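Numbering (full-length UniProt numbering), first residue to last: 1 to 81.
Heads up, the beta-carbon is just placed ideally off N, CA and C, and yes, glycines get one too.
In this text the structure is predicted, and so the values were computed from the model without any measurement.
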């Protein structure tokens, strides 16, 4: 989801705008907050009971896009229940 939204708004995986149209920034605040230095950060909280899932997101291509305190996860998971 965030890869598509970032592409539509011209935002790279580090949160920097590299688009070529002012239209890309017109409604960017629906999905992103603008942080210091012009960096865009998703308005999202990532939640899961399994810490391994969050590790996979964090190590993925868009993992650095999210604020570290927006990751919420359990310590043991749900045991596939």
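Looking only at its own chain, which residues have a Cβ that is under 8 Å from the Cβ of residue i, when we skip the five neighbours before and after it?
{"i": "residue 75", "result": "51"}
{"i": "residue 20", "result": "10"}
{"i": "residue 35", "result": "15 and 41"}
{"i": "residue 39", "result": "14, 15 and 16"}
Give every residue of the same chain whose Cβ lies closer than 7 Å to the Cβ of residue i, excluding the five residues on either side of it in the sequence, and list them in chain order.
{"i": "residue 43", "result": "31, 32 and 33"}
{"i": "residue 64", "result": "13 and 14"}
Taking buried to mean at least 16 other C-beta atoms within 10 Å of its own C-beta, is residue i buried or exposed?
{"i": "residue 9", "result": "buried"}
{"i": "residue 6", "result": "buried"}
In this structure, how does DSSP classify residue i when only helix, strand and coil are distinguished?
{"i": "residue 5", "result": "helix"}
{"i": "residue 48", "result": "strand"}
Mind checking who residue i pairs with in its DSSP beta bridge?
{"i": "residue 34", "result": "40"}
{"i": "residue 57", "result": "Paired residue(s): none; residue 57 is not in a bridge."}
{"i": "residue 72", "result": "47"}
Report the CB separation of residue i from residue j in whole angstroms; it is logged as a contact under 8 Å.
{"i": "residue 57", "j": "residue 46", "result": "6 Å"}
{"i": "residue 66", "j": "residue 3", "result": "So it is not a contact: roughly 13 Å between Cβ atoms."}
{"i": "residue 17", "j": "residue 23", "result": "No, residue 17 and residue 23 are not in contact; Cβ-Cβ is about 12 Å, not under 8 Å."}
Less than 6 Å between C-beta atoms, sequence neighbours within five positions excluded: which residues of the same chain meet that for residue i?
{"i": "residue 71", "result": "46 and 54"}
So, is the C-beta of residue i closer than 7 Å to a C-beta in chain C?
{"i": "residue 65", "result": "Absence of chain C from the displayed structure is noted, only one protein chain being present."}
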